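This report concerns only the one structure given below.
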Amino acid sequence: MKTHDHAQVQLLRRILLGIVVVLWGALFFRLIQIQVFEYERYQPLSQKNALRLETIAGTRGTIYDKSGEILVENQPVFTVTITPIDYDTSNNQQIASILDIEMDEYIKRIDRARRYSRHRPSVLAAEVPFGPYSLLEENRWRLPGIGFRQQDKRNYPSSARASHVFGYLREADLDETQGSESIRLGDKIGKSGLELVYDPMLRGGLGERYYRVNALGQSLGEYTLASNERPNPPRGDDLVLTIDEDLQAYAERLMGDSKGAAVVMDPSNGALLALLSSPDIDLARLAGRLDREYWADINTDSLTPLFNRVTSASQPPGSTLKPLMGIIGQQMGLITPETVIQNTGTYRLGRDYADLAPPGEYTLESSLAFSSNTYFFELMEKIARQGKLDEWAGYLRDVGLGQPTGIDLGSESRGIVPDSSRMNQLFGPKRWGLGDLINLGIGQGVFSVTPIQLAVTTSLIANGGQRVTPHLVSERIVGGATREILEYPATPVTWIEKSTLEPIHKGMRAAVQNSVVSWLLEVPELEIAGKTGTAQNPRGQDHGWFTAFAPVNDPQVVVVVFMENGGFGSVSAAPIGSLLIEKVLTGTTNRAYVERHVDAYVPPDPDEDDENDGNDENDEEDGVTP
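Residues in the sequence shown are numbered consecutively from 0, following numbering that gives the first Met the number 0.
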């Protein structure tokens, strides 16, 4: 019996041993199969369990002035990220405290990250100071889901602020990431100015990098993958501007805190040498973590510093329209350079319209020289009586009014060119007549232009009839090496002839020479042709205009200055324009007395202006009815 039992035990042992050997053999065979024969299939799966993929953005492009001076560059800053799938919410209080974020705001950021992606890192806090960053970095092993990223913050080393030129960046919101393969939640994207218009060029491409994680999802450091990894994303394109840094800074110094705009342009091609809207903003305070108090201030400021007056301040042009009126009047066959009109001091059409130019006979040239309203009242009356309002408006559109200029700054106002359709909209069919049209001839009434539009039309007068496209970017540099010149073709206005422009040039030159403030406008050895204007403003002080080009026989620069509520254009806008022309053509300025005038000028009180019975320069320039 014992022998039989022993035999059974031995048999059972052999069976069990056989089973163990078979199982170990199967396991060993499977390991060989996985490690050798099916390596290519399972190796990526193994890595996937131990690795996390993170997209990384390329460096944003640098912006240079025309001479290669850096205007906008990048400064590295620390960013803390969160990957929701790995994050432990029990760490909320600790991390929010370290980052100095209110708990309600912290929870909102986590929720936003979850909506974006539970598996991809999102920005939790940008521009984190080194202290909090290092504290989190030291404790990263117990903070699953928390990551770190070095990002770029915009830096502005230039003496020129140019805030409406450069524009600012803001974090992309959830809607802006939808459907985009190149924008992640929390990425900085352009919101205004060149940063917005050229964002696809400036923004670098995306790359990929892997980092190892443990079983808790905690980062164990970066991991280099042999295939399919893009560790070095392409950097954004650099931009070379047409802006001259020194000229831009000088224009900003002249404008000070006044409300207004200035444009300095090459009339041959539309290159903008300086462009400013005042008041402006401090881009440095919007470059990193949002300064919410400052953001609220500039959004509620009554001076509207976020408003770009160069492209969007649409106001009546006043007497700066008169040169165009002379060109169009000749083209319509209503006047010639020799046409003489008698000025008696008033122009009667149902009521009296003032003309404070000296009484006498005026030709086209002398009417521009002395800003005779009577000449252009009579011309506008001819246009209206002959039913040619729409033809007149068509010519104005040909030269660039009533439509966008195409400047590379994004949205811009079209302005208003009053044709019969517009008049019907404003007053109703058959409810307007000559009395509503007469002031259009001197740039008043339902008529408006922007400073950049006036710069385009003045360039057209200066260059012989070419409608240029104003622009700020001359080149893009791709990959830090390849330079690509951007083209901006001009549109010829074929009906403008040289003979048509000759009396306009002479009249605008004489307007500067004959100005009551010629001592503020004339530059030794430079012949400036220009026209001042004052736009009536029923809600406050009038607006001052000045448009000019120089030298008159070989135009190299066009300047437009708009002074909102600045009063008379000849004393508010024109001195600034004169100094800018001098700076461009001579490289310096030697008229300190003009700079002192600009610094000291204070617009007259509109209430006092109303009491002078119309005997002021505003009336003389633009025909205010006494």
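Glycine residues also receive a C-beta, built at the ideal position from the N, C-alpha and C atoms.
Please read these numbers as outputs of a predicted model, since none were measured by experiment.
Using a Cβ-Cβ cut-off of 8 angstroms (strictly less than) and excluding sequence neighbours within five positions of Leu44, which residues of its own chain qualify?
Residue confidence for Leu44 is low, a pLDDT of 46 falling below 50, so the modelled location carries little weight and cannot support an answer.
Tell me Ala260's beta-bridge partners as DSSP assigns them.
Ser276 and Phe561
For Lys381 and Gln329, what's the separation of their Cα atoms in angstroms?
12 angstroms
Considering just the uninterrupted stretch of the alpha helix (DSSP H) at Pro574, what are its terminal residues?
Ala573 to Thr585
Would you grab the beta carbon distance between Leu320 and Ala383 for me? Rounded to a whole angstrom, and I think it's under 8 angstroms.
With a Cβ gap of about 16 angstroms, Leu320 and Ala383 do not count as contacting.
For Gly529, the first and last residue of its enclosing beta strand (DSSP E):
Ala528 to Ala534
Considering only the beta carbon of each residue, do Gly565 and Thr531 sit closer than 8 angstroms?
no
Would you call Asn298 buried or exposed, if buried means 16 or more other Cβ atoms sit within 10 Å of its Cβ?
exposed
Cα-Cα separation between Leu282 and Gly166, rounded to whole angstroms
8 angstroms
Can you give me the Cβ contacts of Asn462 inside the same chain, cut-off strictly under 7 angstroms, excluding the 5 residues immediately before and after it?
Pro266, Ser267 and Pro554
In the structure shown, what three-state DSSP assignment does Trp140 receive?
helix
Just to confirm before moving on: does the CB-CB distance between Ala171 and Ile145 stay below 8 angstroms?
no
Under DSSP, the alpha helix (DSSP H) around Ser420 begins and ends at which residues?
Ser419 to Phe426
Can you pull the DSSP bridge partners for Phe548?
Ala528 and Val557
Please check the pair Leu367 and Pro322, which I expect to be a contact at CB under 8 angstroms, by giving their CB distance rounded to whole angstroms.
6 angstroms
Are the region 87 to 100 and the region 124 to 132 in contact at 8 angstroms, needing three or more beta carbon pairs?
yes
Local conformation of Ser365 per DSSP, three classes:
helix
Nearest to Asp541 by CA position, among Glu524, Ala547, Trp494 and Val601, is which residue?
Val601
Within 10 angstroms of its Cβ, does Thr88 collect 16 or more other Cβ (buried), or is it exposed?
exposed
Sub-8 angstroms separation of Gly405 and Thr468 beta-carbons
yes
Count the CB pairs spanning the region 174 to 186 and the region 304 to 314 that are closer than 8 angstroms, and state whether there are at least three.
no
Using the Cβ count rule (16 or more neighbours within 10 Å means buried), how would you classify Leu485?
exposed
For His118, does the three-state DSSP call read helix, strand or coil?
coil
By the 10 Å Cβ neighbour count, where 16 or more other Cβ atoms means buried, how is Glu292 classified, buried or exposed?
exposed
Ser410: buried (16+ other C-beta within 10 angstroms of its C-beta) or exposed?
exposed
Where do the N-terminal and C-terminal ends of the beta strand (DSSP E) with Glu483 fall, by residue?
Thr481 to Ile484
Measure from the alpha carbon of Gln452 to the alpha carbon of each residue in Arg482, Val445, Val416 and Tyr487, then state which is nearest.
Val416
Please go through the same chain and pick out, in chain order, the residues whose beta-carbon is closer than 8 angstroms to the beta-carbon of Gln149, but skip the five residues on each side of it.
Pro75, Val76, Phe77 and Thr78
Contact between the region 62 to 76 and the region 99 to 112 is defined here as three or more beta-carbon pairs at a separation below 8 angstroms; is this criterion met?
no
Below 8 angstroms between beta carbons: does that hold for Leu579 and Ala261?
yes
Which class does Asn231 belong to by DSSP, given the choice of helix, strand or coil?
coil
How about Thr457 and Thr533: do their beta carbons lie closer than 8 angstroms?
no
Mind checking Ala312: buried by the 16 CB within 10 Å criterion, or exposed?
buried
Exposure of Lys429, with buried meaning 16 or more beta-carbon neighbours within 10 Å:
exposed
Exposed or buried, what is Leu459 when buried is set at 16 or more other beta-carbons lying within 10 Å of its beta-carbon?
buried
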